[in-house]
Amino acid sequence: MFFRFGSVLSLIVLIALTGTAIEKQILQLKRAITHQQYRLDVLLDSHVRLRLEAQRLGTPASLLGPLERGELPLERPKKPHRTDLRRNPSNEMNQPSGTPG
Amino acid sequence: MSNFPNNREAVQNTARARLVVTILGLGWLILSARLIQLQWVQRDKFAGKAEQQREFVEETSARPGDILDRQGRLLATTLAARSLYIVPVKISDPRQVAEALASVLGLSPDSLTEKIAGNSQRQFLWIKRRLTESEIAAVKQLSLPKGAWGFRDEYRREYPQGVVAAQVIGLRDIDGVGRGGIEERFDSTLRGQSGQRHVARDSRGHVIEILDKDQQRPVPGQNVRLTLDVVVQLYAERELDQVMKEWQPESCSAIVIDPTNGDILAMATRPTFDPNRPQEASPESWKNRAIADIYEPGSTFKPIIVSYGLDQGILQREETFHCQNGEYRMGRRVLHDHHRYGVLSLTDVLVKSSNIGMAKIGERMGNEQLEKASTLFGFGRKTGIELPGEQPGILRPLKQWTSYSTGSIPMGHEIATTPLQLITAHAALANGGELVRPRIVLHDQQDSISALSRMTTPTVSRDTAQWIIEHPMQEVVVRGTGKKARIPGYQVFGKTGTAQCLSADGGYVHGKYISSFVCGAPVESPRLLTLVVVNQSSVGGETFGGKVAAPAAANILRQALVYLRISPDEQLIRAAANWKDDELE
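Printed below as a string of C-alpha cells:
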C-alpha cells in the first residue's frame with residue numbers, strides 16, 4: 835500500500851519537477867534570445883556610431899584644405915582603386931616640357 | 002433492548018456524518034460551480050482582464066535609412082537616442098521635480114515648473130528629446146517619484162558633412178518627419194515601417210518577457226544614394242563662399258551636371274545652414290535656389306535660340322548681321338549694345354553677346370518659332386528632378402506675346418527660368434541635342450525607388466549642337482565675354498549672362514543685376530557642365546556675368562575635371578610647354 839502510494843507520489847513529483855525544469859529552461863532561452871536581440875541593437879548602434887565617426891574624420895570638407903596646402907602626409911594606397919593618376923594641367927603647363935610633370 | 006441506546010447513537014452518528022458529508026459536498030459543489038463559472042463561463046472575460054494587466058503592446062520605431070553620395074559617403078545617418086518624459090498627474094510637487102531636472106538638463110527651472118504645473122492633469126509630457134549619454138546618466142541619479150517619469154527610445158538624425166548640400170538633403174524634424182530636399186521627397190522610403198511587440202510586465206511595471214504573439218519586427222528605412230559627389234559639391238560650395246565674400250550678393254547658386262546622363266554632381270546655394278543645427282538657420286537659407294529661384298536668363302539664353310534657328314534652316318552659320326553701331330529702333334523701342342558693333346557674323350553675335358544681333362534674329366524667326374524653341378528646350382515647365390519645391394519658371398502663352406517679345410525673348414528677357422532649367426537646356430546642346438531630365442537620385446538600386454524612365458527629348462540635330470559648342474560658345478571663352486573662364490589644358494565653352502532683377506510688380510529693379518555663367522569642357526566631348534548664378538552683387542557696379550560668375554564657374558569646372566580624371570588636351574599642354582621652352586631659350 836505504502837509502496838504504491840509512494841511510487842505514485844514520486845512519479846507525480848518527478849513529472850512536476852521535470853515540467854518546472856523545462857519551463858525554466860524555456861524562460862532562460864527566451865531571456866537569452868531577448869538579450870541577444872538587445873545586444874544586436876546595441877552592436878548595430880555602435881556600428882552606426884563608429885561609421886559616423888569615421889566618416890566625420892574623413893569628410894572632404896575637413897581633409898581637402900589641409901591636403902591642398904600639403905599639411906597632411908599623402909600616402910598612396912598599395913593597391914589603388916584606379917591606376918591612372920590625376921593630372922593637373924595647370925601645374926604641368928607652368929613647367930618646361932623637359933621637366934617631369 | 003440493551004443495544005437500543007447504541008443503535009440510537011449509531012443512527013445519530015450516521016445522521017451527523019451524513020450532515021457533514023452533505024455540507025462538505027455542498028461546499029465542494031459550490032466551489033466546483035464557481036470554478037466552472039470562472040474557468041468556463043466567464044473564462045474569456047477574466048483572461049482578457051488578466052492579459053490587459055500583464056501585457057501591453059509596445060511600438061518599436063524603425064531606423065530611418067541613410068542618404069549617401071554617389072561614392073557611398075554618408076550624407077545623413079541615424080543614431081539611437083533616448084527622450085525623457087514625465088507623467089504630470091503623478092507629480093505632487095512640480096517645483097521640486099522641475100528644479101532637479103533643470104539642474105542636469107540645462108533647462109530653466111521656472112519655465113519647467115510652469116510647464117509641469119500647466120499640464121498637471123496630463124498622463125504624458127515631454128521634458129527633453131534626444132538626450133546625450135551624460136544627461137541620461139545624470140537623470141538616472143536623481144531621486145524622482147517612481148512611475149512618474151521614463152525614457153522613450155527615439156532616433157536622432159546626423160549630417161556628418163555639415164553644411165555640404167544642406168538644401169538638397171533637407172532635414173528631419175523633431176518628430177522624425179522629413180522637411181525639405183531628399184528627406185521630404187523620399188520620406189516614406191527613408192522612414193521605414195514601425196513594428197510592434199507584446200511584452201509582459203510584472204506588478205511594478207517592469208518588462209519581464211517579450212511575447213511571441215503578433216510580433217512585427219520594424220522594417221528599417223531604405224538608403225537613398227544620390228548622384229552628388231561630395232568632393233565636387235565641396236568645390237562648388239567653396240567657390241560660392243568666395244563669391245559671397247568678394248561680391249557680397251544677396252544669394253548665389255551653382256550646379257554641376259554630367260550632360261550625357263543628367264546626373265547632378267553638385268548643387269549648392271548660399272546662404273546656407275547646418276542641418277545639425279537647424280535652430281540657427283535664417284529663413285532665407287532654407288531655399289534651394291538652384292530649383293526655386295527664377296530669374297531672366299539674359300544672354301545665356303541666346304545659344305538656345307540660335308541653335309533652334311540654325312536647325313530649322315531659318316539661320317545660316319556663315320551669315321552676318323548688321324548691328325547698327327550700337328543703336329537699333331525696333332518699333333517704338335530703341336535697343337542698345339554695350340559696344341558699337343557694325344557687321345557681325347552669327348558666331349560673333351554670340352561671342353560679343355550683341356542684343357541688336359539677337360533682336361534681328363528674333364525678327365527673322367518670329368514669335369511662333371521663338372516660343373517653339375523655348376518650349377522645346379524645357380522652359381516654362383518643371384524639369385522633374387526628384388526634389389520638392391521646384392519652380393516651372395515663366396514662359397507666357399504665345400497669345401500674350403507682343404512685338405516687344407520678338408526683340409526681348411532672343412536676348413533672354415520676358416522669360417524666367419530656374420538655374421536648373423537653364424543648365425538642363427545647355428546640357429542638351431553639350432550632349433548633341435538630347436534634352437535629358439536631370440536627376441539627383443542614382444537609380445541603380447533594386448528597391449522601391451524604381452528607375453524612372455530616362456526621359457530624353459530630341460531638340461536640335463547633333464551637328465547643330467556640336468557647331469554651337471565648338472564655335473560660338475568656345476569662342477566666347479577664347480576671345481569673348483567669358484575670357485576669365487579659360488582653363489589651362491582644357492578647351493572650354495561657355496556663355497555669360499547679365500540680367501536686371503525682376504521686381505515683385507513685374508518690372509525691373511534698377512541697378513540690381515543677376516550675373517550668370519554657364520561653361521563646360523572638354524569641347525570635343527563635353528563631360529561636365531557648370532552654372533553659377535550670382536544674385537544682386539552689392540559691390541562692383543554693373544556686375545557682368547563674365548566678371549562675377551565666370552571665374553567661380555571655371556574654378557569649379559577645373560577642379561572637377563582634375564578630380565574626375567577627365568583627360569586634358571595634350572596638344573594644348575604641348576603647345577604651352579613649347580612656348581615656355583622658347584621663352585626660356
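Line by line, the protein sequences give chains D and B. Following my numbering, the numbering of the first sequence begins with 835 at its first residue and continues without gaps. Following my numbering, the numbering of the second sequence begins with 2 at its first residue and continues without gaps. Backbone N, C-alpha and C fix where the C-beta goes; we use that ideal spot for every residue, glycine too.
Apart from sequence neighbours up to five positions away, the residues of its chain that approach R157(B) with a beta-carbon distance below 6 Å are L80, A82 and R131, ordered along the chain. A Cβ-Cβ contact shorter than 8 Å links G181(B) with G171(B). T114(B) sits close to P95(B), with the two beta carbons spaced by under 8 Å.
For the pair P272(B) and E281(B), the CB atoms are not nearer than the 8 Å cut-off. In the three-state reduction of the DSSP assignment, R205(B) falls in the coil class, being assigned neither a helical nor a strand state. The straight-line gap separating the alpha-carbon atoms of G385(B) and R440(B) is approximately 8 Å. In the displayed model, I292(B) falls within a helix according to three-state DSSP. Taking 8 Å as the threshold, the shortest C-beta distance from V842(D) to chain B does not fall below it.
Look at the beta carbons and you see the region 40–53 of chain B not touching the region 107–125 of chain B: under three pairs across the two are nearer than 8 Å. Each residue's CA atom was taken as its position, placing L851(D) and Q862(D) some 16 Å apart. DSSP places Q422(B) in the helix class (H, G or I) of the three-state scheme. Taking 8 Å as the upper bound on Cβ-Cβ separation, chain D lies near residues R559 and V563 of the region 531–563 of chain B.
In the structure shown, D176(B) falls within a coil segment according to DSSP collapsed to helix, strand and coil. With at least 16 other beta carbons inside 10 angstroms of its own, S516(B) counts as buried. Annotated three-state conformation of P459(B) is strand, per DSSP.
Secondary-structure assignment with DSSP links N536(B) through a beta bridge to S252(B) and I515(B). Contact fails between the region 468–477 of chain B and the region 392–409 of chain B, because fewer than three Cβ pairs, one in each stretch, are under 8 Å apart. In this structure, V563(B) sits away from R910(D), with a CB-CB distance that is not shorter than 8 Å.
In the DSSP assignment, H472(B) falls outside any alpha helix (DSSP H), carrying neither H nor E. M331(B) is bridged by DSSP to R334(B).
The alpha-carbon separation between I87(B) and A138(B) amounts to approximately 16 Å. In terms of Cα proximity to G508(B), the closest of H414(B), V534(B), V233(B) and Y491(B) is H414(B). In the three-state DSSP reduction, T348(B) falls in the helix class (H, G or I). By the Cβ rule, the region 244–259 of chain B does not count as touching the region 137–153 of chain B, because fewer than three pairs are nearer than 8 Å.
Contact between I416(B) and F494(B) is ruled out by a C-beta separation of about 22 Å, above the 8 Å threshold. Within the same chain, and ignoring the five residues on either side of L311(B) in sequence, the residues whose Cβ sits closer than 6 Å to its Cβ are T465. Under the three-state reduction of DSSP output, H915(D) falls in the coil class, being neither helix nor strand. Apart from sequence neighbours up to five positions away, the residues of its chain that approach E100(B) with a beta-carbon distance below 7 Å are P110, ordered along the chain.
In this structure, the beta-carbon distance from V225(B) to D70(B) does not fall below 8 Å.
Spatial neighbours of A500(B) in its own chain (CB-CB distance under 6 Å, excluding positions within 5 residues in sequence) are listed in chain order as E297, G299 and I515.
Taking 8 Å as the cut-off, the Cβ atoms of L532(B) and L423(B) count as close.
Proximity of chain D to T133(B) at the Cβ level (cut-off 7 Å) is not reached, the minimal Cβ distance being about 13 Å. Distance check between A51(B) and each of T61(B), E59(B), E60(B) and Q40(B) places Q40(B) closest, using alpha-carbon atoms only. Counting only residues of its own chain and dropping the five nearest sequence neighbours on each side, C502(B) has a CB closer than 8 Å to the CB of Y296, Y509, V510, K513, Y514, I515, N536 and Q537.
Proximity to P894(D) across N556(B), E60(B), R74(B) and Q53(B) peaks at R74(B), based on C-alpha coordinates. Cβ-Cβ separation between P923(D) and Y491(B): approximately 7 Å, consistent with a contact (criterion under 8 Å).
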